[in-house]
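Just so you know, we're using the working numbering here: the sequence shown kicks off at 474 and counts up by one.
Beta carbons: idealized from backbone N, C-alpha and C, even for Gly.
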Amino acid sequence: MKYIIWVYKKTLPIIYLIRLKDFLLLIVTFALVNNGEIPKNELGKMVYDLFHFSGQIAIVLSILNIFYKGGVSLIFSKANPIFYGICNYYIFLSLIGIMADSAIDNYKETLSYLVAISLSYYIYKVCVKEPNHLSSMESPFTKIPKIGDFFRPKKITEQDKKYISAHEAGHALIYASLDFLPENFHIIIKQQQDNTHSLGYVTGIEDNNLIMDKNFSEWRMLVLLAGKKGELVHLNKESLGGADDMNKWMFIAKIYLQNHNNGVFYCNPSTKLELDSNISALNELKSQLNLILDDFFSLNKDVHEELTFYLLDNNKINKDEIIPFLNRVVFPEKFPKISNLYNH
């Protein structure tokens, strides 16, 4: 019994990240790998070897890209997609080994199947595609799970719902400075966990231009900081659910400062002095933006409260429903206004 408890404690961090369907995926992956083989056909073997190499490169590059954007913390937050990517790599590699010889010998039938499957998958992706989410309220792994949690998603508590509603209402009020809202704009407060680890979100607004606009980047940074500010204004305390917002804010802030919009910022700090200077610049920028948000929420406390309670009661809001709230928003001096986003 002691041995079982010891194994449980040692494997708990790993088990917590793996849900039932992930465990089944792991079993399928191991089964295919154990029964895998190398194609005998010369062309099949070439495809196998190329994918064997390129797949590993793709996984390594994706991890390096995530690390570059947000460091080790972002890698941990992206643990599930990385896990899926690695499993898919081994599944595809095993299937190539098992099926390549037969597929090449019957290449006409294989091509027909591939075309049909590809088109069907495209239709499926179009049907289930969700709008871009600029920000989300995350559920960090902070509690020791119960065995039953691995088999059913946990529902949010009343306190969770208060945090999420105040957080998303905070994000949403900044949208009042836009001269438009997309038709599919909405806010969602989820009632339980899902595989995104997001418990709420506001539809995102993206700048499709290749060169980032300074005014729009300032607006986005305010949106990303406004979630935590909304919690503080409504509840006089804040949660730890805004880590993804902070990672996105850091990414934009670094680009913003690298253009020397707020003094000198070192693109590749190589000394402690340069690193300390960059940290100071980031903190200064964040403080300046938070001061703007303090003024903003001071002017719009009533609107934020009403929108928060609306979300608490209804769990969602669409474009037509939120416009009356946004029309009442008052802006402090020097607050960025966004117009003609796709024409600047």
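- In this structure, I532 sits near I559, with a CB-CB distance shorter than 8 Å.
- Annotated three-state conformation of H733 is coil, per DSSP.
- For secondary structure counted as the beta strand (DSSP E) over 3 or more consecutive residues, the stretch 664-709 holds these complete runs in sequence order: 671-676.
- In the three-state reduction of the DSSP assignment, K807 falls in the coil class.
- For N791, the beta-bridge partners assigned by DSSP are H659.
- Listed in chain order, the alpha helix (DSSP H) elements of length 4 or more contained wholly in the stretch 725-776 are 745-772.
- Rounded to whole angstroms, K663 and I555 show a C-alpha spacing of 24 Å.
- Within a 10 Å sphere around the beta-carbon of E691 sit 16 or more other beta-carbons, which makes this residue buried.
- K634 is classed as buried because its beta carbon has at least 16 other beta carbons within 10 Å across all chains shown.
- The residues I765, D768, F769, L772, in chain order, have a CB closer than 7 Å to that of P805 in the same chain once the five nearest residues on each side in sequence are set aside.
- Using a C-beta cut-off of 8 Å, the stretch 731-742 makes no contact with the stretch 700-716, since fewer than three inter-stretch Cβ pairs fall below that distance.
- Secondary structure at K627: coil, using DSSP grouped into helix, strand and coil.
- Checking the DSSP bridge columns, you'll see L784 has no partner listed.
- Straight-line spacing of the CA atoms in G528 and D652 works out to 44 Å.
- By alpha-carbon distance to K513, the top candidate from K759, H777, R801, D522 is D522.
- For T781 against A639, the beta-carbon gap comes to about 5 Å, under 8 Å, which counts as contact.
- Taking the Cα of F689 as reference, the smallest distance to any Cα among A726, E794, H659 is reached at A726.
- Separation of F526 and F496 (C-alpha to C-alpha, rounded to the nearest whole angstrom) is 26 Å.
- Sequence-distant partners of I647 (beyond 5 residues in either direction) whose C-beta falls short of 6 Å from its own C-beta, in its chain, are L695, V696, A699.
- Measuring C-alpha to C-alpha distances from N787 to each of T676, H659, M572, E510 identifies H659 as the nearest.
- Here H777 really is in contact with H707; their C-beta atoms are around 7 Å apart, less than 8 Å.
- For L566, no pairing in a beta bridge is given by DSSP.
- Between F798 and S650, the CB-CB gap reaches or exceeds 8 Å.
- In this structure, the straight-line span from the alpha carbon of G673 to that of N720 is close to 17 Å.
- Each residue's CA atom was taken as its position, placing W722 and P742 some 20 Å apart.
- In terms of CA proximity to K710, Y636 leads the group N800, L568, V520, Y636.
- Between D574 and G517, the C-beta spacing is below 8 Å.
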